[in-house]
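A.B. asks: In our numbering, the protein residues as written are 13 to 81.
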């Protein structure tokens, strides 16, 4: 930018840095979940528990197969 156009632009359009604490509607933690969000969380938790269970049962089966030989 020529002829101090950037300085002129900055004077006409100053940067506004407003801290987030000034916004009342911005909430870091959600205190109420919708039904769809609850269903997604429950399904994810059930799938995670099922996956861990299957991992341990496969390891247990492998160890029992090793001892039979």
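Cβ atoms here follow ideal geometry from the backbone N, Cα and C, with glycine treated the same way.
In angstroms, rounded to a whole number, what distance separates the CA positions of residue 25 and residue 16?
C.D. replies: The straight-line gap from Cα to Cα measures roughly 14 angstroms.
A.B. asks: In angstroms with no decimal places, state the Cα-to-Cα distance between residue 68 and residue 28.
C.D. replies: Between residue 68 and residue 28, the C-alpha separation is close to 55 angstroms.
A.B. asks: In chain order, what residues of the same chain lie with their CB nearer than 8 angstroms to the CB of residue 70, ignoring the 5 residues before and after it?
C.D. replies: Around residue 70: no qualifying Cβ.
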